[in-house]
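Have a look at the structure below before the remarks.
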Amino acid sequence: MKRTMQNNKLSKSLLIELYRRMVRIRAFESKVTQLFLKGLVPGTIHLSTGQEAVAVGATGCLRATDRVMLTHRPHGQALAKGMDPKRLLAEILGREGGCCRGKGGSMHLADPKAGIMPSLPIVGAGIPVAAGIAFAFKQGESDSVAMGFFGDGATNIGAFHEAMNLAALWKLPVVYVCENNLYAVSTRIHSATLVAELSEKAKMYGMPATAVDGNDVEVVYQAVSAAVERARRGEGPSFIECKTYRHSGHSRTDPATYRDEQEVQAWKKRDPLILCRKMILDRGCLDEKGCSDLEAEEEQLIEEAAEFALCSPEPEGLKALEDVYQDG
Ligand SMILES: Cc1ncc(C[n+]2csc(CCOP(=O)(O)OP(=O)(O)O)c2C)c(N)n1
Ligand SMILES: [Mg+2]
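So the sequence shown is numbered by the numbering used here: it starts at 101 and just counts up by one.
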């Protein structure tokens, strides 16, 4: 992706590409919801609607060889890092054509060729793994970078603290992207920690840490790309807290009645897609028709993904143990 900036603003073509990716994620998760309501998705799903700017802005400057660790809310992050929507949707439906041949489902996605390591839905578990990947890059004298995504709730987990400490101490090339959506399931952030700013937790271990508007894709891109460049130069890890909000409940079974309706509406007004679309129109990157055409193209891409996924067969029972154990 072209990465030029003009007057601290992203180039028009880059902004359009970032918008396209956010629209793709929104259309994808809306299709997942439809299929879930038809009873076609085994298990539950955790949607990232409202948080698209974090996934897209954070991964926008990464190379295919950089690796990401995802969470229990991984659809948007996987699409943003380059997973094919067809293989992702087939995986969520538990079909043979999925990225893990239907064995993983929504929360266990992987596509190592695209730099997507198997996602870990155990809260916080991916944080030390991202440090481990970065350690391997460093040992191999590669300039690749690892990125670890996690939520606000994960910053209260022991693994977070151990990983932050080692990543800083060993100057590992890892960028930690914390999606602070104010809740861990139904627990509001400040009923779980007395630390007012999450970035303080990372600073304490000796790494640069900052908080940004996670609904502004340009701001996320700029903050994270500076951290990625720093890691590539061998200067060590960074922590970026992206303040954002999920539009729906924690999972499909959560009506989210613990949230104040005014709070939800205030965040919906700052929907990252609305903000980015306005930026694109105001800066003359595209006109109204250009935006609608782009949105229609992404809808079409997701329709094709659904067709592929729904036509993909369920895995045969006898194949259940294939790809599970390493040979030899
Ligand atoms: C170790 C562990 N404890 C509890 C759970 C159940 N659980 C799944 S997601 C979640 C909340 C995570 O909140 P946060 O880190 O803020 O991420 P978000 O869901 O907001 O994206 C919990 C408690 C789990 N998966 N792993
Ligand atoms: Mg959260």
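The C-beta atom is built at its ideal place from N, Cα and C for all residues, glycine as well.
Nearer than 6 Å: is that true of the beta carbon of residue i relative to any heavy atom of ligand 2?
i      : result
Gly253 : yes
Asn281 : yes
Would you kindly work out how many angstroms separate the C-alpha atoms of residue i and residue j, rounded to a whole number?
i      : j      : result
Ile216 : Val141 : 22 Å
Thr104 : Glu414 : With a pLDDT of 46 at Thr104, under the threshold of 50, the predicted position of this residue should be treated as unreliable, and no value is reported.
Leu418 : Tyr425 : 15 Å
Ala267 : Pro273 : 8 Å
Phe237 : Ala331 : 11 Å
Ala210 : Ile222 : 15 Å
Thr133 : Ser338 : 34 Å
Ser346 : Arg173 : Note that residue 346 is Arg in the sequence shown here, rather than Ser. Rounded to the nearest angstrom, the two C-alpha atoms are 11 Å apart.
Arg333 : Ala234 : 13 Å
Val364 : Tyr358 : 11 Å
Residue i and residue j: beta carbons closer than 7 Å?
i      : j      : result
Glu398 : Ala190 : no
Val156 : Met122 : yes
Asn281 : Thr344 : yes
Glu129 : Thr159 : no
Cys385 : Lys109 : no
Ala302 : Met264 : yes
Ser299 : Thr287 : no
Glu279 : Gln177 : no
What are the boundary residues of the beta strand (DSSP E) that includes residue i?
i      : result
Tyr425 : It is not in any beta strand (DSSP E) - Tyr425 carries neither H nor E in the DSSP assignment.
Asn280 : Val274 to Asn280
Ile340 : Ser338 to Lys343
Ala246 : Ala246 to Gly251
Val320 : Unbroken run through Val320 is the alpha helix (DSSP H), Val317 to Arg332; no beta strand (DSSP E).
Using 8 Å for Cβ pairs, my map puts residue i next to residue j. What's the rounded Cβ distance?
i      : j      : result
Lys131 : Ile340 : Not confirmed; about 29 Å, so no contact.
Ile257 : Gly224 : 3 Å
Glu335 : Lys271 : 7 Å
Ala292 : Ala284 : 6 Å
Gly143 : Ser244 : The Cβ separation is near 32 Å, so there is no contact.
Please confirm whether any heavy atom of ligand 1 lies closer than 6 Å to the CB of residue i.
i      : result
Arg173 : yes
Val285 : yes
Ile222 : yes
Does the distance between the C-beta of residue i and the nearest non-hydrogen atom of ligand 4 fall short of 6 Å?
i      : result
Ala263 : Of the ligands one can find in the structure shown, namely ligand 1 and ligand 2, none is ligand 4.
Residue range of the alpha helix (DSSP H) that residue i falls in?
i      : result
Asp393 : Glu388 to Cys411
Met264 : Gly258 to Leu269
Thr159 : Glu152 to Thr159
Thr133 : Lys112 to Leu137
Does the CB of residue i have a neighbour CB from chain D at under 7 Å?
i      : result
Ser219 : Absent here is chain D; the protein component of the structure consists of one chain.
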